[in-house]
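In terms of the numbering used here, the sequence shown opens at residue 32 and continues consecutively. C-beta atoms are modelled at their ideal positions from N, C-alpha and C, and glycine is treated no differently. To keep things clear, I will list the structure first and then write my remarks on it.
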Amino acid sequence: MDQLGIVLLVGVLIISAWLIIPRIFPHPQMNCTRCEGSGAVDEKWPNPDEPSGWHELKGPCPKCEGKGKVRAA
Ligand SMILES: [Zn+2]
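In structure tokens form, the structure reads like this:
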């Protein structure tokens with residue numbers, strides 16, 4: 032019974048550490064330069080490489096996947 036208690040305690044500690052450590056040492060993040068932190072883009076500019084002749088993109092930002100933040104390099 033004591034052993035089970037220790038196993039449970041260690042398990043809880045590992046899970047707590049796993050949840051808490053990223054909050055103490057967050058990955059450095061900066062606002063996404065493509066959507067400027069909004070997470071969404073509304074882009075349109077001429078692009079001869081596209082079949083329509085226009086680059087058009089509206090919706091979640093592809094660079095930060097809609098999060099608005101990217102990892103600082
Ligand atoms: Zn973005």
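Residue span of the alpha helix (DSSP H) that contains residue i, given as start and end
i   : result
R54 : D33 to I55
heavy atom of ligand 1 below 7 angstroms from residue i C-beta
i   : result
K94 : yes
R65 : yes
G99 : yes
G10 : Residue 10 cannot be examined here, being either before or after the span of the chain that is shown, 32 to 104.
Enclosing beta strand (DSSP E) for residue i [first to last residue]
i    : result
G90  : W85 to P91
K75  : A71 to P77
R102 : K100 to R102
Buried or exposed by the 16-neighbour rule on C-beta atoms within 10 Å, applied to residue i
i   : result
V72 : buried
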